[in-house]
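With numbering that gives the first Met the number 0, the residue at position 279 of the sequence shown is 278, and numbering never jumps. Glycine included, C-beta positions come from ideal geometry on N, C-alpha and C. See structure below.
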Amino acid sequence: MAAPRGIVWKLDPHTRAKHEILKRYLQAWMIILSQGSFPDILYIDGFAGPGEYEGGEPGSPIIALDAALNHRSHLSARIHFLFVEEKESRANHLRQLISARKLPDNFDVVVEGGTTFLAAFDRNVRRYQRSSRLFPTFAFIDPFGWTGAPFGLIKHILTQPSCEVFVNFMYEEINRFLSHRDQVQNFDDFFGTNAWKECVDETDPTKRNRCLHDLYLSQLRDAANAKYVRSFEMSNMRDVTDYYLFYATNKLLGLKKMKEAMWKADESGGFRFSDATNPDQLILFEKSPNYDALRANLLVEFAGRQVRVEEIETFVVAQTAFRETHYKGILKSLEMESGQLAAINPVPGRKKGTFGDPEMLVRFA
Ligand SMILES: C[S@@+](CC[C@H](N)C(=O)[O-])C[C@H]1O[C@@H](n2cnc3c(N)ncnc32)[C@H](O)[C@@H]1O
0 MAAPRGIVWK
10 LDPHTRAKHE
20 ILKRYLQAWM
30 IILSQGSFPD
40 ILYIDGFAGP
50 GEYEGGEPGS
60 PIIALDAALN
70 HRSHLSARIH
80 FLFVEEKESR
90 ANHLRQLISA
100 RKLPDNFDVV
110 VEGGTTFLAA
120 FDRNVRRYQR
130 SSRLFPTFAF
140 IDPFGWTGAP
150 FGLIKHILTQ
160 PSCEVFVNFM
170 YEEINRFLSH
180 RDQVQNFDDF
190 FGTNAWKECV
200 DETDPTKRNR
210 CLHDLYLSQL
220 RDAANAKYVR
230 SFEMSNMRDV
240 TDYYLFYATN
250 KLLGLKKMKE
260 AMWKADESGG
270 FRFSDATNPD
280 QLILFEKSPN
290 YDALRANLLV
300 EFAGRQVRVE
310 EIETFVVAQT
320 AFRETHYKGI
330 LKSLEMESGQ
340 LAAINPVPGR
350 KKGTFGDPEM
360 LVRFA
């Protein structure tokens with residue numbers, strides 16, 4: 000899709016799904032951080048857009064503001080919003096939408112228009128620091144393509160405590176322009192390395208896709224040192240990748256909440272949405288999760304081992320596409336039906352097939 004030229008444009012189903020995820024996640028994020036010990040938290044929308052779509056649907060900055068407004072009674076922290084939009088006309092549209100809302104005193108909203116994400120971040124960063132550290136931050140990076148979202152800045156944000164990023168990786172556009180000679184520097188900046196060049200000669204479309212995906216994933220994990228990184232693939236019904244969403248965080252709780260948002264995304268928009276972190280194990284987000292896949296995963300991971308229930312949960316959340324709500328039914332069937340699991344030190348009176356005690360040891364056959 001070519002980047003639209005007008006102030007607003009039509010909302011497509013893929014974007015609607017992305018917004019739904021963002022909204023659910025932000026509601027959880029703001030409450031968790033605000034109820035923590037943080038006096039200030041920061042939401043950055045580096046590619047904010049005009050704040051609404053052609054049909055009046057809210058854009059990402061308004062979704063973030065409204066998520067906070069709807070939960071204002073729970074939010075004791077000062078909540079800072081930095082919205083950046085390169086096109087002044089779109090930034091003005093956004094300003095108008097914001098001025099129509101009554102904001103509580105603990106909301107601090109800055110709209111930077113006619114400038115880039117990088118320039119606006121540099122100009123404002125001191126406002127958002129305490130003892131030279133960035134406030135706990137969620138940065139949403141949602142460009143139309145790859146320019147203006149340098150990996151160096153993403154890395155800078157991610158390496159600060161309690162900061163995380165959510166990046167829309169516009170695969171289709173990136174792939175299309177990869178061999179354009181005038182884009183070399185832009186791609187170097189975007190990936191934070193020139194290793195993307197190794198993907199250019201890959202003629203098999205699936206391998207090329209994986210090459211680019213895996214490079215960005217490893218940059219977030221290894222170069223930016225993020226403890227937990229997951230990628231989510233949005234594809235059309237012909238299984239062609241449209242974009243990936245990369246979420247990187249150092250907090251397991253954040254990952255739990257993001258996965259909750261992903262699993263609840265609406266499936267009705269003519270697209271497929273899956274966890275793509277491990278391309279050999281694409282897991283589709285659907286109403287009824289593929290429990291067989293998780294069961295197989297657990298049996299391989301823990302074969303012959305004795306582990307605490309809590310370790311199983313951490314594995315499920317951190318290493319698989321599944322949620323903390325997905326594995327206990329599987330443990331139950333392994334214990335009660337197939338006999339492949341035994342409880343080692345149950346509390347007196349434990350009901351067979353229940354795994355509420357995180358400290359309980361279980362042994363896999
Ligand atoms: C995909 S749209 C954003 C949509 C918005 N995040 C939403 O979900 O409603 C990308 C926006 O980024 C703006 N933009 C492009 N390059 C930029 C840059 N370097 N810094 C900030 N904004 C930029 C474009 O004008 C466009 O409005």
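- Message: Please state the DSSP three-state secondary structure of G112.
- Response: Here residue 112 refers to the residue found at position 113 when the sequence shown is read from its first residue. G112: strand per DSSP, three-state reduction.
- Excluding the 5 residues preceding and the 5 following H13 in the sequence, name in chain order all residues of the same chain whose CB lies nearer than 8 Å to its CB. The sequence position of residue 13 within the sequence shown is 14, counting from 1. So the list reads M233, D241, Y242, G268 and F270, once near-sequence residues are dropped.
- Does DSSP put R100 in a helix, in a strand, or in coil? Residue 100 sits at position 101 when you count from the first residue of the sequence shown. Coil.
- Through-space distance from L21 to P135, alpha-carbon basis: Here residue 135 is taken as the residue at index 136 of the sequence shown, counted from 1. Here residue 21 is taken as the residue at index 22 of the sequence shown, counted from 1. Each residue's Cα considered, the two are about 17 Å apart.
- Query: So which of P204, Y170 and R180 has the shortest CA-CA distance to L216?
  - Reply: Taking the sequence shown and counting its residues from 1, the one referred to as residue 216 is at position 217. For L216, the nearest C-alpha among the options comes from Y170.
- Task: Please confirm whether F106 and A76 have their CB atoms less than 7 Å apart.
- Result: Counting from 1 along the sequence shown, the entry for residue 106 is found at position 107. Counting from 1 along the sequence shown, the entry for residue 76 is found at position 77. Not in contact: F106 and A76 (Cβ atoms no closer than 7 Å).
- Starting from I78, follow its DSSP beta bridges and name the residues at the other end. The residue given as residue 78 occupies position 79 in the sequence shown. Answer by DSSP bridge pairing, in chain order: I40 and F106.
- Message: Whole angstroms are fine: how far does the CA of S72 sit from the CA of Q34?
- Response: On the sequence shown, position 35 is the one that residue 34 refers to. On the sequence shown, position 73 is the one that residue 72 refers to. About 11 Å.
- Message: Measuring only the C-alpha atoms, how far is Y52 from G5?
- Response: Here residue 52 corresponds to residue number 53 of the sequence shown, with the count starting at 1. Here residue 5 corresponds to residue number 6 of the sequence shown, with the count starting at 1. One C-alpha to the other measures close to 11 Å.
- Per DSSP, C162 is paired with what? Start at 1 with the first residue of the sequence shown, and residue 162 comes out as number 163. Paired residues: T136.
- Message: Once the 5 residues before and after L117 are set aside, which same chain residues still bring their CB inside 8 Å of it?
- Response: As a first step, residue 117 is located in the sequence shown; it is residue number 118 there, counting from the start. Closer than 8 Å at the Cβ level, and outside the excluded window around L117, lie G147, P149 and L152.
- Task: Go ahead and label Q184 buried or exposed: buried means 16 or more other beta carbons lie within 10 angstroms of its beta carbon, across all protein chains shown.
- Result: By one-based count along the sequence shown, residue 184 stands at place 185. Its Cβ having fewer than 16 others within 10 Å, Q184 is exposed.
- Task: Look at the alpha carbon of K294 and the alpha carbon of A119, and state the distance between them as a whole number of angstroms.
- Result: Here residue 294 refers to the residue found at position 295 of the sequence shown. Here residue 119 refers to the residue found at position 120 of the sequence shown. As written in the sequence, residue 294 is Arg, which differs from the Lys given in the question. Whole-angstrom Cα-Cα distance: 47 Å.
- Verify the contact flag: F46, CB atom, against every heavy atom of ligand 3, threshold strictly below 6 Å. With respect to small molecules bound, the structure shown includes ligand 1 and not ligand 3.
- Item | Spatially closest choice to I282 from Y24, L214, V299 and K258, by CA coordinates | Translated into positions along the sequence shown, residue 282 becomes position 283. Taking I282 as reference, the option from Y24, L214, V299 and K258 with the minimal CA-CA separation is K258.
- Task: Compare the beta carbon distance of A225 and L157 with 7 Å and say whether it is the shorter of the two.
- Result: Working through the sequence shown from its first residue, we reach residue 225 at position 226. Working through the sequence shown from its first residue, we reach residue 157 at position 158. In contact: A225 and L157 (Cβ atoms closer than 7 Å).
- Message: Residues in the same chain with beta-carbon distance under 8 Å from N123, minus the five sequence neighbours each way, listed in chain order, please.
- Response: Counted from its first residue, the sequence shown places residue 123 at position 124. Only L81, V109 and E111 meet the Cβ criterion.
- Confirm, please, whether the CB-CB distance from F137 to W28 is below 7 Å. Position 29 of the sequence shown holds residue 28. Position 138 of the sequence shown holds residue 137. Their beta carbons are under 7 Å apart, which means W28 touches F137 by this criterion.
- Query: Is A260 near R100, with beta carbons less than 7 Å apart?
  - Reply: Residue numbering aside, residue 260 sits at position 261 when the sequence shown is read from its first letter. Residue numbering aside, residue 100 sits at position 101 when the sequence shown is read from its first letter. For A260 and R100, no; Cβs fall outside 7 Å.
- Query: To which residues of the same chain is A67 closer than 7 Å at the C-beta, ignoring the five residues directly before and after it?
  - Reply: Walking along the sequence shown from the start, residue 67 turns up at place 68. Shown here for A67: same chain residues with a beta carbon closer than 7 Å to its own, the five before and five after excluded, namely M29, L74, I78 and F106 in chain order.
- Integer Cβ distance of L96 from G50, believed to fall under 8 Å: The residue given as residue 96 occupies position 97 in the sequence shown. The residue given as residue 50 occupies position 51 in the sequence shown. Going by Cβ atoms, the distance from L96 to G50 rounds to 4 Å, so yes, they are a contact pair.
- On the three-state DSSP scale, how would you describe P60? Here the question's residue 60 lines up with position 61 in the sequence shown. Here P60 sits in helix by DSSP.
- Query: What first and last residue would you give for the alpha helix (DSSP H) that runs through E259?
  - Reply: Within the sequence shown, numbered from 1, the residue matching residue 259 stands at position 260. Residues L251 to W262.
- Query: Relative to the alpha-carbon of P60, which residue among G54, H70 and G48 has its alpha-carbon at the smallest distance?
  - Reply: For the purposes of this step, residue 60 is taken as the residue at position 61 of the sequence shown. It is G48.
- So V315 packs on I343, CB below 8 Å; how close in whole Å? Within the sequence shown, numbered from 1, the residue matching residue 315 stands at position 316. Within the sequence shown, numbered from 1, the residue matching residue 343 stands at position 344. Contact flag wrong, Cβ pair sits at about 20 Å.
- Please classify H18: is it buried, with 16 or more other beta-carbons within 10 angstroms of its beta-carbon, or exposed? Translated into the one-based positions of the sequence shown, residue 18 becomes position 19. Classification for H18: buried.
- Message: Under 6 Å: does the beta carbon of R15 sit that close to some heavy atom of ligand 1?
- Response: Reading the sequence shown from its first residue, position 16 is the one you call residue 15. Flag unset: Cβ of R15 not near ligand 1.
- Message: Tell me the residue span of the alpha helix (DSSP H) that contains F284.
- Response: In the sequence shown, the residue the question calls residue 284 occupies position 285. From DSSP, F284 is part of no alpha helix (DSSP H); its letter is neither H nor E.
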